[in-house]
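Quick note on this note's numbering: the first sequence kicks off at 1 and runs consecutively.
Built from N, CA and C at the ideal position, the CB exists for glycine as well.
Data first, discussion second: the structure below is written as structure tokens.
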Amino acid sequence: MKRQQHSPSPGMVPGAAPEEDLIDPSFSAAVIGWQQQHGRHVLPWQNTRDAYLIWLSEIMLQQTQVAAVLGYYARFLERFPTLRDLAAAPVEDVMAQWSGLGYYTRARNLHKCAQRVVAEYDGVFPVEQALLADLPGIGRSTAAAITAFANGTRAAILDGNVKRVFARSFGIAAYPGEKKVEEALWRRAEALLPEQGIESYTQGLMDLGATLCTRSSPDCGRCPLQARCVALATDRVKDLPVRKPKKASPEKHATMLVLMDRGQVLLQQRPDSGIWGGLLSLPELDGHTLAEDGNIAPADHAALSMAVARFGELESHERLSPITHVFTHYKLHIAPYRVTLARRLDAVGEAGYVWYDGARIAEAPLPAPIKKLLLELCGDAGAAQSRMAF
DNA sequence: AAGCCGGGGGA
DNA sequence: TCCCCAGGCTT
Numbered sequence: 001m002k003r004q005q006h007s008p009s010p011g012m013v014p015g016a017a018p019e020e021d022l023i024d025p026s027f028s029a030a031v032i033g034w035q036q037q038h039g040r041h042v043l044p045w046q047n048t049r050d051a052y053l054i055w056l057s058e059i060m061l062q063q064t065q066v067a068a069v070l071g072y073y074a075r076f077l078e079r080f081p082t083l084r085d086l087a088a089a090p091v092e093d094v095m096a097q098w099s100g101l102g103y104y105t106r107a108r109n110l111h112k113c114a115q116r117v118v119a120e121y122d123g124v125f126p127v128e129q130a131l132l133a134d135l136p137g138i139g140r141s142t143a144a145a146i147t148a149f150a151n152g153t154r155a156a157i158l159d160g161n162v163k164r165v166f167a168r169s170f171g172i173a174a175y176p177g178e179k180k181v182e183e184a185l186w187r188r189a190e191a192l193l194p195e196q197g198i199e200s201y202t203q204g205l206m207d208l209g210a211t212l213c214t215r216s217s218p219d220c221g222r223c224p225l226q227a228r229c230v231a232l233a234t235d236r237v238k239d240l241p242v243r244k245p246k247k248a249s250p251e252k253h254a255t256m257l258v259l260m261d262r263g264q265v266l267l268q269q270r271p272d273s274g275i276w277g278g279l280l281s282l283p284e285l286d287g288h289t290l291a292e293d294g295n296i297a298p299a300d301h302a303a304l305s306m307a308v309a310r311f312g313e314l315e316s317h318e319r320l321s322p323i324t325h326v327f328t329h330y331k332l333h334i335a336p337y338r339v340t341l342a343r344r345l346d347a348v349g350e351a352g353y354v355w356y357d358g359a360r361i362a363e364a365p366l367p368a369p370i371k372k373l374l375l376e377l378c379g380d381a382g383a384a385q386s387r388m389a390f
């Protein structure tokens, strides 16, 4: 294996020297060869070293496909032929030209960036990746693309397309959004940079990800990396890159009262909108506080006493087994308390409260987990009525 | 109707 | 510093 000399590229983060074992000149050679033979060479922002033209294209191409950008790019340059024209224009004019491209923060940043380059760099974009990345709307990857195309600087890009190409080529089976994984990808991106031909290589990586190594149904048969693609060799193309792990649905807690008296159970009509809209349910104990660990502190006698005050005088309470109900978007942990009144006040009044006949629970319009709980309480084995300790 | 995405900005 | 979201688009 041939040893390579390489000095850290200008925009590289300090201490991020690419490991030698990641270096592989055959990778960039394959990409460059493919790009020169099959890549795009006549896009309006190619074949120029004008950083203004390159920068504008890179910003427009963020989250937007080439076909959509072409028309906007031409019109934008007609209206703002130079960086100074753009910097001097009212932001409203910039927005007007951007109108329809979407993601309008890009346009505001574009305008701010133009003004800063004029003010701080006398209208000439800096060459150094880190200086470029300090400008509004330009991050590490876009900075690398600009300086590579405008100055031929060896700088690594790492956008979504490149992450996909790397994940498949090298069989990286970890989520690229994770910090450590992304850092590793950046090290690899730096290590794979060619000594010569950074423009073809950078363009080639972008084109590869955009045209062959697409997210779904990639065209592996035409890929210059097929012979060395780990994902292809192990039949994992469709599984890489690893998709974003869906975040655990949030967990919510509710304390509910099972208030039984004279063969009746107290229910409450739920609001039409929201969860269990329009159904009856158990009254909830509000004002419950989440403990540090996300669990509900158990309700105490005083809190329950307050909660039931409008219905009567609390005699006793019993903590029932908690229920977990899983919705599509969150988990609800229900802590039910069975509560007995010493003296029942008849006027439950407003707020949709209703004393519901215990024998008719099975027909009540209740959410499934609540109905299940109440049916179990009403007597396990059908001996229902007689054993109901109402 | 869910995933994706470079960069900005809030925690 | 880390994490989450934007806003339009694709699948």
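Item, Value
"Check whether Ala189 and Ala150 have beta carbons under 7 Å apart", "no"
"Inter-residue spacing [alpha-carbon to alpha-carbon] between His111 and Ser57", "14 Å"
"Beta-bridge partners of Ile323, as assigned by DSSP", "Ile334"
"Cβ pair Glu133, Gly139 closer than 7 Å", "The amino acid occupying residue 133 in the given sequence is Ala; Glu does not appear at that position. Cβ atoms of Ala133 and Gly139: closer than 7 Å."
"Counted within 10 angstroms of its Cβ, other Cβ atoms place Thr48 as buried (16 or more) or exposed", "exposed"
"Gln196 - DSSP class collapsed to helix/strand/coil", "coil"
"Closest residue to Tyr121 among Leu70, Leu135 and Asn109 (Cα-Cα distance)", "Leu135"
"CA-to-CA distance, Tyr330 to Leu366, given in whole angstroms", "19 Å"
"Continuous beta strand (DSSP E) stretch holding His253: start and end", "Glu251 to Asp261"
"Straight-line gap, Glu318 to Tyr337 (C-alpha atoms, nearest Å)", "6 Å"
"Length of the line joining the Cα atoms of Ile198 and Gly100", "33 Å"
"C-beta contact flag for Arg168 and Leu240 at 7 Å", "yes"
"Supposed contact pair Val308 and Leu280 - C-beta distance, whole angstroms, cut 8 Å", "Between Val308 and Leu280 the Cβ distance is about 18 Å, and since that is not below 8 Å, they are no contact."
"Limits of the alpha helix (DSSP H) - the one that Leu374 falls within", "Ala368 to Leu377"
"Beta-carbon contacts of Asp293 that lie in its chain and below 8 Å, excluding the five residues immediately before and after", "With a pLDDT of 45 at Asp293, under the threshold of 50, the predicted position of this residue should be treated as unreliable, and no value is reported."
"Where the beta strand (DSSP E) through Asp357 begins and ends", "Tyr353 to Asp357"
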